[in-house]
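In the UniProt record's numbering, the protein residues as written are 1 to 242.
Virtual Cβ for every residue (Gly too), placed ideally from N, Cα, C.
Treat the numbers as computed from the prediction; the structure is a model and nothing was measured.
These notes concern the structure reproduced below.
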C-alpha cells in the first residue's frame, strides 16, 4: 500500500532539479533540516543559560547593593550616636558646672530663709524642733533624762506625752537657757540650743543635724563626783538622778 508523505524543503532547494528528486538531494535536505533543528536547540540552550547567568548576576548585584546600603546606614547611625554622646557629655558637664555654681548660692538663700522663719517661730515650736533633733541623734531605745528651762516644761511634757514609747524623764533647771535642751544618758549627754540648730542649716557654716556630744567628759566627771557640764555654760548645781 502506498503512503503519501510530505517533506518540507527550503525555498529554492529544488530550483533546476526538475520534477524528480534524487536520493542524494533528498538526503542532503534531510541533513540540512537536522542541522537547523540542532542549531535551534543549541540557540535555545544558550539563551536559557544566558538568562540564568543574568538572573544570578542581578541577584548578586542586588545583594551587594543591599549590603553596601546597610553598611552605609550603620556607619551613619554610628556617627549620629557618637555625636549624640558628645552632645550629652557636654550637656552633663555644663549642667554639673551650673549646679556647682548655683548650689552654694541656693544653700545660702535657703539657710537665710530658714533662719528668718526660725526666728519667727514661737518658743514652743523651737523647743519641739530641738527635741526632734535630739531624738534623731539619740534614738528611742535608751533611758534618758531631758533637761529644759522651767518655762518650757509644759511644752516639753506635751511633746513627750505624744511619744509614750520614749523612756525619757523630764527635769527642769532655772539656769538652763530658754532656747536649749540637754539629754543625759548612761553613755553621756547631748546638748543643743537654738543658735546651734540655726548654724547647722544650709549656708549656716555647719553640718546638720548632729548635736555636740561630750560623753567622755561627762563619764569622767561622774567618776569623780563632779557635776556634768553644758557646752559653753556654767556647771550644774543639781545632780542628775541615777
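The alpha helix (DSSP H) enclosing residue i, as first and last residue numbers
i	result
residue 134	123-138
residue 157	153-161
Cα-Cα separation between residue i and residue j, rounded to whole angstroms
i	j	result
residue 206	residue 184	In this prediction, residue 206 has a pLDDT of 44, which is less than 50 and means its spatial position is unreliable; nothing more can be read from the coordinates.
residue 125	residue 80	58 Å
residue 51	residue 24	40 Å
residue 142	residue 132	15 Å
residue 146	residue 135	11 Å
residue 226	residue 159	Reliability of the predicted coordinates at residue 226 is poor, the pLDDT of 40 falling under 50, and the value obtained from them is presented with this limitation in mind. Distance between the alpha carbons of residue 226 and residue 159 is about 31 Å.
residue 35	residue 3	26 Å
Which residues DSSP lists as bridging residue i, in chain order
i	result
residue 64	Beta-bridge pairing links residue 64 to no other residue.
residue 91	Residue 91 is not bridged to any residue.
residue 52	Answer is none; residue 52 lacks a bridge partner.
Exposure label - residue i; buried when at least 16 CB within 10 Å
i	result
residue 189	buried
residue 156	buried
residue 197	buried
residue 166	buried
residue 181	buried
residue 168	buried
residue 40	exposed
residue 84	exposed
residue 98	exposed
Residue i CB to nearest heavy atom of the ligand NAD below 7 Å
i	result
residue 30	Questions concerning the ligand NAD fall outside what the structure shown contains, since it holds no ligand whatsoever.
Residue range of the unbroken beta strand (DSSP E) whose run includes residue i
i	result
residue 144	144-148
residue 193	188-193
residue 169	168-172
residue 182	180-185
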